[in-house]
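Numbering (the numbering used here), first residue to last: 542 to 874.
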């Protein structure tokens with residue numbers, strides 16, 4: 542039997558991530574170089590990759606055709622990779638619609654009530670603030686299954702979960718092990734996940750009898766441009782290392798520091814979160830905490846499909862592992 546060529550096969554041949562291949566093949570590769578895109582399409586043809594066409598199934602067979610995805614920040618690398626994983630698992634016949642909900646609990650609840658009334662076959666909710674009891678009631682009332690990624694209400698309310706507290710602990714331990722004691726923390730502003738990451742970072746510091754003061758925490762818009770501006774205009778010379786809770790913050794800061802003649806890691810070490818594909822293309826290459834975003838997306842859709850076909854399936858919580866990718870942006874002192 543001839544082995545079916547997969548996206549992973551193309552990724553290995555090209556030396557890039559499956560997420561990058563999936564985005565390029567699905568027409569979402571604008572942020573990658575023309576050389577990378579051409580290489581992916583060339584390998585697709587050489588290896589004989591074909592997008593799997595899912596059989597047409599009658600509506601009564603409980604098939605998902607229209608999927609709603611709720612995210613808090615569509616433009617961040619992490620959420621783009623989660624979406625790529627969802628699209629890869631869903632296939633080309635599923636129409637994916639993106640929705641944004643309010644930040645406060647009241648706005649979150651109001652907007653989610655409206656979404657469950659939409660003509661959709663299922664919902665994937667990233668970091669909702671509404672507890673599972675209310676979501677179950679809405680799901681039962683409108684016959685719309687849902688899956689939760691990293692609930693802010695409770696870990697047990699999550700179907701797919703990544704331990705963001707452990708992300709903070711791991712980051713602190715790595716920087717401390719490299720001799721850093723004066724560390725700045727830069728996080729996305731108005732992001733519920735910050736509290737978990739910061740709490741974990743504080744726990745890691747406590748093992749060395751150190752504290753993270755509020756003055757050492759900076760909250761900014763998580764974009765390349767804003768991170769560049771922040772690094773260019775903020776005096777960070779008292780810090781030997783900067784921990785950023787998103788890779789795009791670290792990448793923007795790297796360029797902002799360079800504009801002042803400050804080189805990473807000689808002036809400050811930088812550690813990101815997410816392990817974006819772009820981390821390999823910075824100079825120096827960015828060290829980062831790995832969060833398997835595309836795997837999160839694939840797992841979320843697979844769970845939703847299972848719940849859609851078998852509503853009585855026990856929910857449980859799938860905990861996906863994190864890791865540390867050591868490159869060149871953290872210096873031992």
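For each residue, glycine too, the CB sits at the ideal point set by N, CA and C.
These figures come from a predicted structure and were not determined experimentally.
Subject >> Burial state of residue 718, where buried means 16 or more other Cβ atoms lie within 10 Å >> reply: With fewer than 16 Cβ atoms within 10 Å of its Cβ, residue 718 is classed as exposed.
Original post:
At which residues does the beta strand (DSSP E) containing residue 759 begin and terminate?
Top reply: 758-761
**OP:** Check whether the Cβ atoms of residue 835 and residue 812 lie closer than 7 Å to each other.
**Re:** Note that the C-beta distance between residue 835 and residue 812 is not below 7 Å.
Subject >> Residue(s) in a DSSP beta bridge with residue 609 >> reply: 638 and 664
Original post:
Which first and last residues belong to the alpha helix (DSSP H) in which residue 655 is found?
Top reply: 646-657
Original post:
Taking DSSP as the reference, what is the three-state secondary structure of residue 897?
Top reply: There is no way to answer for residue 897, as the model of the chain reaches only from 542 to 874.
Original post:
In this structure, what does DSSP give as the bridge partners for residue 727?
Top reply: 759 and 785
Original post:
Going by the beta-carbon positions, is the gap between residue 663 and residue 849 smaller than 7 Å?
Top reply: yes
**OP:** Use the C-beta contact count for residue 602: other C-beta atoms within 10 angstroms, 16 or more gives buried, fewer gives exposed.
**Re:** Since pLDDT at residue 602 reaches only 41, below the 50 mark, its modelled position is unreliable, and the value read off the structure follows with that caveat. Exposed: under 16 other Cβ atoms inside 10 Å.
**OP:** Could you name the residues of the same chain whose beta carbon sits closer than 6 Å to that of residue 688, not counting the 5 residues immediately before and after it, in chain order?
**Re:** 665, 700, 841, 844 and 845
Original post:
Between which two residues does the alpha helix (DSSP H) carrying residue 828 extend?
Top reply: Counting along the chain, residue 828 falls outside any alpha helix (DSSP H), though it belongs to the beta strand (DSSP E) covering 828-831.
Subject >> Entirely enclosed alpha helix (DSSP H) segments - the segment 785-872, minimum 4 residues >> reply: 788-800 and 834-850
Original post:
If you run the structure through DSSP and keep just helix, strand and coil, what is residue 769?
Top reply: helix
**OP:** Spell out the partners DSSP gives residue 687 in its beta bridges.
**Re:** 664
Original post:
Of the choices 547, 546 and 867, whose alpha-carbon is the least far from that of residue 711?
Top reply: Nearest option by C-alpha distance: 867.
**OP:** Answer with buried or exposed for residue 495, where buried requires no fewer than 16 other C-beta atoms within 10 angstroms of its C-beta.
**Re:** The displayed coordinates of the chain run from 542 to 874. Any statement about residue 495 would go beyond what the structure contains.
Subject >> Beta bridge counterpart(s) of residue 701 as assigned by DSSP >> reply: According to DSSP, residue 701 bridges with 690 and 859.
**OP:** Return helix, strand or coil for residue 588, following the three-state DSSP convention.
**Re:** helix
Subject >> As assigned by DSSP and simplified to three states, the class of residue 735 >> reply: When secondary structure is reduced to three states using DSSP, residue 735 falls in the helix class.
Original post:
In chain order, what residues of the same chain lie with their CB nearer than 7 Å to the CB of residue 777, ignoring the 5 residues before and after it?
Top reply: 725, 783 and 809
Subject >> Delimiting residues of the alpha helix (DSSP H) encompassing residue 541 >> reply: The question about residue 541 has no answer, for the chain in this structure spans 542 to 874.
Subject >> Rounded C-alpha distance that separates residue 610 from residue 637 >> reply: Here the alpha carbon of residue 610 sits roughly 7 Å from the alpha carbon of residue 637.
Original post:
Pick from 862, 864, 852 and 821: whose alpha carbon is nearest that of residue 870?
Top reply: 821
Subject >> Of the residues 824, 713, 854 and 731, the one placed nearest residue 614, counting alpha carbons only >> reply: Per the Cα distances, 731.
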